[in-house]
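Reading through the structure tokens given below for one structure.
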Amino acid sequence: MNDFTTKLAISGILFILMFILGIILTINGKPYNAILTTFHKLLSFLTLVSIIVIVFNLFKLVNINNIQLVLIVISVILFLISFISGVFLISLKQINTIILYIHRIAPILTVISTILTILFLNKKI
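If you read the sequence shown in numbering that gives the first Met the number 0, its first letter stands for residue 0, the second for the next number, and so on.
Put into structure tokens, the structure is as follows:
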């Protein structure tokens, strides 16, 4: 495995762990378990940092066309929406239904967008 593939795999593992913890937190409901919430936040932050590193390295490795750039931007925006909506959910005293649905849907869209981005970057589509 090369360095880029390793970073991509680590980012994917972090995202999966974050996703699983998010599901566990959703099932358990409020009040959220402090330890699980802390790990979920930490995994979210680490995933965000790893994605930023991957994107910056990607621009050095690959000649990116417009479609690939749009997919990268969409994936990053969706991840940021997931991250920010999670911050709002934790900080609000009452659950805001709109933010809750955004936080449940955005990670799924992020996964789909990221998979499409990786496929386009590998030129398999």
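Yeah, the Cβ is synthetic: ideal placement off N, Cα and C, and Gly gets one too.
DSSP state of residue i mapped onto helix, strand, coil
i: TYR100; result: helix
i: ILE67; result: At residue 67 the sequence reads Gln, which differs from the Ile that was named. Helix at GLN67.
i: VAL61; result: coil
i: PRO106; result: helix
i: ASN95; result: coil
i: ASN32; result: coil
C-alpha distance - residue i paired with residue j, whole-angstrom precision
i: HIS102; j: LEU91; result: 13 Å
i: PHE128; j: VAL48; result: No answer is possible for residue 128: the residues shown for the chain start at 0 and end at 124.
i: THR46; j: LEU13; result: 6 Å
i: ILE98; j: VAL86; result: 10 Å
i: LEU79; j: ILE107; result: 13 Å
i: ILE114; j: PHE3; result: 16 Å
i: GLY11; j: LEU24; result: 20 Å
i: ILE94; j: ASN62; result: 44 Å
Counted within 10 angstroms of its Cβ, other Cβ atoms place residue i as buried (16 or more) or exposed
i: LEU41; result: exposed
i: ASN1; result: exposed
i: ALA105; result: buried
i: GLY28; result: exposed
Distance between beta carbons of residue j and residue i, contact taken as under 8 Å
i: THR116; j: ILE71; result: 6 Å
i: PHE18; j: SER43; result: In fact, because the Cβ distance is near 10 Å, the residues do not count as touching under 8 Å.
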